[in-house]
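The structure appears below as structure tokens.
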Ligand code: GDP
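Residue numbers (our numbering): 445 to 617.
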């Protein structure tokens with residue numbers, strides 16, 4: 445019998461150029477594009493994640509850097525089931541801005557079930573400016589159960605990240 449997928453809405457936030465679009469592309473299409481195009485507005489893709497018995501459809505929304513407050517965007521945001529906050533491990537400033545993104549989430553999506561912190565570009569070890577432990581401690585500080593370092597380029601931990609989100613979604617239903 446055909447499995448009927450449950451649909452979870454996943455929002456990806458974080459500073460520009462941290463790799464939000466690349467994470468989404470890797471998760472949904474297994475591609476990595478080296479060119480950088482600033483995301484304008486909101487993009488979304490759907491991917492199906494087979495979690496044993498149940499299929500979860502993840503509707504992944506990729507946001508453009510600083511635009512969380514645009515009223516038109518708020519309609520998309522406030523029914524999110526999960527939010528991924530992304531920083532770039534080679535860019536300290538993007539890590540320091542995580543705080544601002546958390547404040548936005550608290551104001552705009554106060555009842556979101558799952559929040560995940562994600563330090564992206566883990567393949568660029570030589571340029572690292574934020575340690576793994578700092579990322580983990582920040583996640584703990586915010587009471588977030590899950591912290592991942594990922595590489596959208598090497599497809600490292602991307603499926604773990606979305607598998608975690610799919611499982612959390614199924615558990616919370
Ligand atoms: P966004 O603005 O947050 O959506 O960032 P993009 O996904 O457009 O990525 C910004 C730049 O970082 C692009 O040049 C990507 O190719 C690059 N990038 C994204 N993820 C990774 C990664 O995991 N490793 C490396 N080395 N580069 C990445």
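Beta carbons are placed, not taken as given, at the ideal position from N, Cα and C, and that holds for glycine. A quick note: this is a predicted structure, and the numbers were derived from the prediction, not measured.
Next on the checklist: Within 10 Å of its beta-carbon, does residue 592 have 16 or more other beta-carbons around it, so buried, or fewer, so exposed?
Outcome noted: buried
Checklist entry - Taking 6 Å as the line, does the beta carbon of residue 463 fall inside it for any heavy atom of the ligand GDP? => result yes
Checklist entry - Alpha carbon to alpha carbon, what distance is there between residue 567 and residue 540? => result 20 Å
Item to check | Whole runs of the alpha helix (DSSP H) within the segment 528-576, excluding any shorter than 4 residues | outcome: 536-540 and 542-552
Item to check | Residue range of the unbroken beta strand (DSSP E) whose run includes residue 450 | outcome: 450-458
Next on the checklist: If contact is defined by three or more beta carbon pairs under 8 Å, each pair taking one atom from either stretch, is the segment 548-563 in contact with the segment 520-527?
Outcome noted: yes
Checklist entry - Helix, strand or coil: which one does DSSP assign to residue 461? => result coil
Checklist entry - So what does DSSP say about residue 596, is it helix, strand or coil? => result coil
Next on the checklist: Assuming contact is defined by CB atoms lying nearer than 7 Å, are residue 613 and residue 452 in contact in what I supplied?
Outcome noted: yes
Item to check | Residues bridged to residue 590 [DSSP beta-bridge criterion] | outcome: 560
Item to check | Close-in-space but distant-in-sequence residues of the same chain around residue 573 (CB under 8 Å, 5 per side omitted) | outcome: 533, 534, 535, 536 and 539
Item to check | C-alpha gap between residue 610 and residue 581, whole angstroms | outcome: 24 Å
Item to check | Contacts around residue 565, its chain only, beta-carbon distance under 7 Å, and the 5 residues preceding and following it disregarded | outcome: 463, 532, 533, 534 and 595
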